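Asker: Structure provided below as structure tokens; questions to follow.
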Amino acid sequence: MNEDSVNNFDLEGVTRTVTYNKNERLSLLRSLTLPERSAVFNNLSPKVREVVTDSLTFNEVLEILDHLDPLRVHQILFKMRDKKRKARFLSRLKSDRFEKTEYFLQFHPEASLTLFHLNYLYLSEDTTVGDTANIIENHLRTTGKIPAILVSKGGKLTGEVSLGTLVRERNTNKLRNYVRPVSSVAYNTDRDKVLGLFQSTPHEKVVVTDSDGSVLGVIYSDDVIDLLDSQPAATLYSFAGVEASERPFDAVLDKVRGRYRWLVVNLGTCFLAGGAVSLFGETINQFVALAIFMPMIAGMGGNTSNQTFAIMIRGIATGEISLSNSYPAMIREMGAAAINGVLVALMMVPIALLFGLSLSIALIAGVAIVFNMTIGGFFGTLVPLILKYFGKDPATSAGIFISTATDVLGLLFFLGLATIVLL
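Numbering (my numbering), first residue to last: 2 to 424.
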């Protein structure tokens, strides 16, 4: 449905035609777009609506009901005489809504159905303030809750109206005069865009819609932001290769099952690093002092990559960074790592000389530290973003690749440079 058709749609006129033109009632309804059809259906008198419900197919009525707010659906189905048909409608509506809300909630591993609020009314912009007050009163009496007021034009969401505005206006005025924008997002929107929307609209509501524009529910941004603030704890578990559900007093075997896989993978990477060192056995035999610096170089590269990795995981979790916009962040991380590497090297070389080590070996180690810390910034930025791009969880899988890269490349550079300079 394009914007022009929404603006030109005469809800009251079409409702009158459907009500009084019995012969063309169904054909006219079927010629409308689904949002328009649902708006007309909702605007019909109970008697005519019952006739239309009995005349349309099950799927046609289901599509219309899917566009209405939950309380309105309950009211319509309550009056339905065919109990079996009513039960089918309830079952399908619940299962469809559940599947789509579950899909949407994949934006965060801790998100649950409690985030979704069904406490809203979905009213036509032609509804008067007085009628809205009566509907709110009925809703309050039925549910015990004051609802959010969502407004539609031609069955399509156009915004919301605040209750504070309604209490100051005349009963004969229509809602269209008081509509203000409201954020909305389709249930199948990309996770990063969903997180970005919630972060850009703090203290506001976001309407989650179906692919056909019908409303699935309302989520309040503050609830999601609170959830995101709890993300670091879960990320820390994954980062360490520990199950998020593990507790200090769990059974020994439960702890083993949750951790051994990552330790096996780490063992494999240790062999890789050992293989890199074995290539330079002759150099190490002649210059044993090189062995003193090997764990230092590997450790500094690993620490730098871990710092960068933690920043990237937080950025990914909040939707702030992705592979497409990562270049500036990567350059900054590598620059910061290189400067830190120079500072560490400037401290390390004099200390090495104090312990009587060779100046040439100390300088080689200093250059290797700068190189490996810069490499740590590079891989700490890029690896989690690449894994995220391919749909993998970077928190649980990136660390092993990053540490392997810094260990192997750092030692290859250090021992290779030593071989070139010293032999």
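By construction, the Cβ of each residue, glycine as well, lies at the ideal position given by its N, Cα and C atoms.
Just so we're clear, the structure is a prediction, and the values are computed from it rather than from any experiment.
Are the beta-carbon atoms of Lys206 and Tyr221 separated by less than 8 Å?
Answerer: Their beta carbons are under 8 Å apart, which means Lys206 touches Tyr221 by this criterion.
Asker: Leaving out five residues before and five after Asn286 in sequence, what residues of the same chain have Cβ atoms less than 6 Å from its Cβ?
Answerer: No residues qualify anywhere along the chain.
Asker: Within the continuous beta strand (DSSP E) that includes Ser325, where are the two ends?
Answerer: Looking at the DSSP string, Ser325 is not in any beta strand (DSSP E), and its letter there is neither H nor E.
Asker: At which residues does the beta strand (DSSP E) containing Gly160 begin and terminate?
Answerer: Element bounds for Gly160: Lys157 to Val162.
Asker: Using DSSP with H/G/I as helix, E/B as strand and the rest coil, what is Ile150?
Answerer: In this structure, Ile150 counts as strand in the three-state DSSP scheme.
Asker: Can you look up His140 in the DSSP assignment and give me helix, strand or coil?
Answerer: Three-state result, His140: helix.
Asker: Buried or exposed: where does Glu126 fall if 16 or more other Cβ atoms within 10 Å of its Cβ makes it buried?
Answerer: Burial call: buried.
Asker: Identify whether Thr210 lies in helix, strand or coil by the three-state DSSP scheme.
Answerer: In the structure shown, Thr210 sits in a strand (DSSP, three-state: E or B).
Asker: Could you tell me the alpha carbon to alpha carbon distance between Met297 and Asp408, rounded to whole angstroms?
Answerer: Rounded to the nearest angstrom, the two C-alpha atoms are 10 Å apart.
Asker: Give me the Cα-Cα distance between Asn43 and Lys194, rounded to the nearest whole angstrom.
Answerer: Near 33 Å, if we compare the C-alpha coordinates of Lys194 and Asn43.
Asker: What residue from Phe356, Leu364, Met335 and Arg333 has the CA that sits closest to Leu347's CA?
Answerer: It is Leu364 whose Cα lies nearest to the Cα of Leu347.
Asker: Going by CA-CA distance only, name the one from Gly367, Val52 and Leu360 that's closest to Asp83.
Answerer: Asp83 has its Cα closest to that of Val52, out of Gly367, Val52 and Leu360.
Asker: Looking only at its chain, what residues have a beta carbon closer than 8 Å to the beta carbon of Ser1, apart from the 5 residues adjacent to it on each side?
Answerer: No statement about residue 1 is possible, as the shown extent of the chain runs from 2 to 424 and does not include it.
Asker: Go ahead and pull the three-state DSSP assignment for Val180.
Answerer: Coil.
Asker: Smallest Cα separation from Ile147: which of Gly155, Phe414, Gly156 and Ile137?
Answerer: Among Gly155, Phe414, Gly156 and Ile137, the Cα nearest to that of Ile147 is on Ile137.
Asker: Where do the N-terminal and C-terminal ends of the beta strand (DSSP E) with Gly367 fall, by residue?
Answerer: No beta strand (DSSP E) contains Gly367, which is instead part of the alpha helix (DSSP H) from Leu360 to Tyr390.
Asker: Give me whichever residues DSSP pairs with Thr129 in a beta bridge.
Answerer: DSSP output for Thr129 lists Lys175 as bridge partner(s).
Asker: Alpha helix (DSSP H) containing Leu198: first to last residue?
Answerer: Arg192 to Ser201 is the span of the alpha helix (DSSP H), which, as asked, contains Leu198.
Asker: What did DSSP end up calling Ser185 once you bin it into helix, strand or coil?
Answerer: In the structure shown, Ser185 sits in a strand (DSSP, three-state: E or B).
Asker: Would you kindly report the start and end of the unbroken alpha helix (DSSP H) that includes Leu72?
Answerer: Start and end: Pro71 to Phe79.
Asker: Once the 5 residues before and after Val343 are set aside, which same chain residues still bring their CB inside 7 Å of it?
Answerer: Excluding positions up to five away in sequence, the list reads Val371.
Asker: From Lys80 to Ser96, what distance separates their C-alpha atoms?
Answerer: Straight-line Cα distance between these residues: approximately 22 Å.
Asker: From what residue to what residue does the beta strand (DSSP E) around Leu424 run?
Answerer: First-last for Leu424: undefined, no H or E at that position.
Asker: For Lys393, is the classification buried or exposed, using 16 other Cβ atoms within 10 angstroms of its Cβ as the cut-off for buried?
Answerer: Exposed, because fewer than 16 other Cβ atoms sit within 10 Å of the Cβ of Lys393.
Asker: Which word fits Asn60, buried or exposed, when buried means at least 16 other C-beta atoms lie within 10 angstroms of its C-beta?
Answerer: Answer is exposed; the Cβ neighbour count stays below 16.
Asker: In this structure, does DSSP put Val168 in helix, strand or coil?
Answerer: Val168 falls in the coil class under three-state DSSP.
Asker: Suppose you measure from the CA of Ile293 to the CA of Asn267; what does that come to, to the nearest Å?
Answerer: Using only the alpha carbons, I get a separation of about 22 Å.
Asker: Are the Cβ atoms of Val219 and His118 separated by less than 8 Å?
Answerer: Yes, the Cβ-Cβ distance between Val219 and His118 is below 8 Å.
Asker: DSSP three-state call for Val409: helix, strand or coil?
Answerer: Helix, per DSSP.
Asker: Whose C-beta lies closer than 6 Å to the C-beta of Ser404 among residues of the same chain, with five residues either side of it excluded?
Answerer: Contacts found: Gly303.
Asker: Here's a check: name, in chain order, each residue in its chain whose Cβ is nearer than 8 Å to the Cβ of Leu94, leaving out the five neighbours to either side.
Answerer: Answer for Leu94: Leu63, Leu66, Asp67 and Val74, listed in chain order.
Asker: State the start and end residues of the unbroken alpha helix (DSSP H) segment that holds Leu66.
Answerer: Phe59 to Asp67 is the span of the alpha helix (DSSP H), which, as asked, contains Leu66.
Asker: Consult DSSP for Leu217 and reduce its assignment to one of helix, strand or coil.
Answerer: Note: Leu217 maps to strand in three-state DSSP.
Asker: Give the DSSP-derived three-state secondary structure of Leu122 in the structure shown.
Answerer: The answer is strand: DSSP assigns Leu122 an E or B state.
Asker: Looking at Gly400: is its Cβ nearer than 8 Å to the Cβ of Ala337?
Answerer: No.
Asker: Could you have a look at Pro289 and say whether DSSP puts it in helix, strand or coil?
Answerer: According to the sequence displayed, residue 289 carries Val and not Pro. Correct three-state label for Val289: coil.
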